[in-house]
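Reminder that position 59 of the sequence shown reads as 75 in my numbering, one-by-one numbering, no gaps. We put the beta carbon where it would ideally sit given N, CA and C, even for glycine.
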Amino acid sequence: RAWNLLWSDRGMEQNETFTRLLALVTEAYESHPQAREFAPFPTDLTAQPVTHVPVPAADLLQQEQGFTKEYHSGLVEAIRAAGGMAHWLEHYRGTALGDEFVDRFGCFPIIGPGGAFHSAHLRCWVVYMPAGLHYPWHEHQAEEIYLLVAGRAKFSAFGSADHDLEAGEVVFHAANQPHATRTGSDPVLCLVFWRADFDSPLVLSSLQ
Ligand code: FE
Numbered sequence: 017r018a019w020n021l022l023w024s025d026r027g028m029e030q031n032e033t034f035t036r037l038l039a040l041v042t043e044a045y046e047s048h049p050q051a052r053e054f055a056p057f058p059t060d061l062t063a064q065p066v067t068h069v070p071v072p073a074a075d076l077l078q079q080e081q082g083f084t085k086e087y088h089s090g091l092v093e094a095i096r097a098a099g100g101m102a103h104w105l106e107h108y109r110g111t112a113l114g115d116e117f118v119d120r121f122g123c124f125p126i127i128g129p130g131g132a133f134h135s136a137h138l139r140c141w142v143v144y145m146p147a148g149l150h151y152p153w154h155e156h157q158a159e160e161i162y163l164l165v166a167g168r169a170k171f172s173a174f175g176s177a178d179h180d181l182e183a184g185e186v187v188f189h190a191a192n193q194p195h196a197t198r199t200g201s202d203p204v205l206c207l208v209f210w211r212a213d214f215d216s217p218l219v220l221s222s223l224q
């Protein structure tokens with residue numbers, strides 16, 4: 017693939033790890049009708065350097081043994097491998113959610129700022145939540161889907177019934193629709209995609 021040529025100043029291991037992850041994310045996305053309906057997988061991807069920023073939740077993902085079901089073979093291990101060299105985010109550090117939440121909520125970009133790839137048309141992050149975590153109501157202008165890669169969780173979206181989702185299922189969030197996620201006895205590993213309004217802020221909702 018063409019982007020291999022752009023990685024000359026990056027370590028071979030990082031190159032291979034993110035290239036393999038992108039290949040599996042592409043396959044998983046393109047084999048899912050609801051994902052394809054959300055947006056075409058981008059054809060304008062370019063590679064960009066990644067700065068490794070570890071966080072406490074990254075260690076929890078490496079140690080996680082509770083994924084009972086996996087959508088698309090190999091994707092969980094590819095995400096774990098990339099997690100060992102990713103730019104993990106702590107968007108909610110210092111907010112009302114508190115350090116206990118932030119230390120357990122894991123998120124890193126694949127496509128977008130901080131991620132290994134850039135596209136003008138789609139953003140993609142990994143979101144990991146261990147068992148027994150509540151991600152409270154939040155919202156953003158960007159339209160979004162969550163594609164569950166492993167595990168299960170309860171997804172809530174303002175104005176809709178709650179949905180218990182498992183690996184292979186997709187949930188859509190409309191522009192500025194508050195949404196929340198809660199894990200029970202299982203963890204959950206997701207791919208999250210935005211298709212527009214990339215620069216709109218991600219904010220906690222006033223519903224709490
Ligand atoms: Fe969201």
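Contact test: residue i Cβ vs ligand 1 heavy atom, cutoff 6 Å
i, result
"Glu185", "no"
"Glu80", "no"
"Glu160", "yes"
Under the three-state DSSP convention, the category residue i falls into
i, result
"Ser24", "Confidence at Ser24 is low in this model, with a pLDDT of 49, below 50, so its placement is unreliable and the value that follows should be read with caution. The answer is coil: DSSP assigns Ser24 none of H, G, I, E or B."
"Ala98", "helix"
"Pro49", "helix"
"Asp75", "helix"
"Phe133", "strand"
"Ala63", "strand"
"Thr245", "Any answer about residue 245 is impossible in this case: the structure gives the chain only from 17 up to 224."
"Arg17", "Since pLDDT at Arg17 reaches only 49, below the 50 mark, its modelled position is unreliable, and the value read off the structure follows with that caveat. Coil."
"Ala44", "helix"
"Glu32", "helix"
"Phe121", "coil"
"Leu223", "coil"
"Glu93", "helix"
"Phe57", "coil"
"Leu38", "helix"
Option in the options with minimal Cα separation from residue i
i, options, result
"Ile126", "Ala94, Gln157 and Val118", "Ala94"
"Val69", "Asp115, Ala147 and Ala98", "Ala98"
"Glu182", "Glu86, Asp213, Leu138 and Leu105", "Glu86"
"Phe171", "Ala158, Ala196 and Ala102", "Ala196"
"Glu106", "Val92, Pro72 and Thr84", "Pro72"
"Ser216", "Asn192, Leu91 and Phe83", "Asn192"
"Arg198", "Asp178, Trp141 and Arg211", "Asp178"
"Gly131", "Ala190, Leu220, Val219 and Gln64", "Gln64"
"Gly167", "Ala44, Gly82 and Leu61", "Gly82"
"Gly184", "Ala74, Thr84 and Phe174", "Thr84"
"Phe174", "Leu163, Val165, His156 and Leu164", "His156"
"Gln50", "Gln30, Ile161 and Thr62", "Ile161"
"Glu43", "His88, Val187 and Leu113", "His88"
Residue i - partner residues in DSSP beta bridges
i, result
"Asp115", "Paired residue(s): none; Asp115 is not in a bridge."
"Arg211", "DSSP lists no partner for Arg211."
"Ala196", "Ser172"
Span of the beta strand (DSSP E), counted from its first residue to its last, around residue i
i, result
"Val165", "Glu160 to Ala173"
"Glu155", "His150 to Glu155"
"Val142", "Arg139 to Met145"
"Leu218", "Element bounds for Leu218: n/a, residue is neither H nor E."
Residue i CB to nearest heavy atom of ligand 2 below 6 Å
i, result
"Val186", "As far as ligands go, the structure on display features ligand 1 and does not contain ligand 2."
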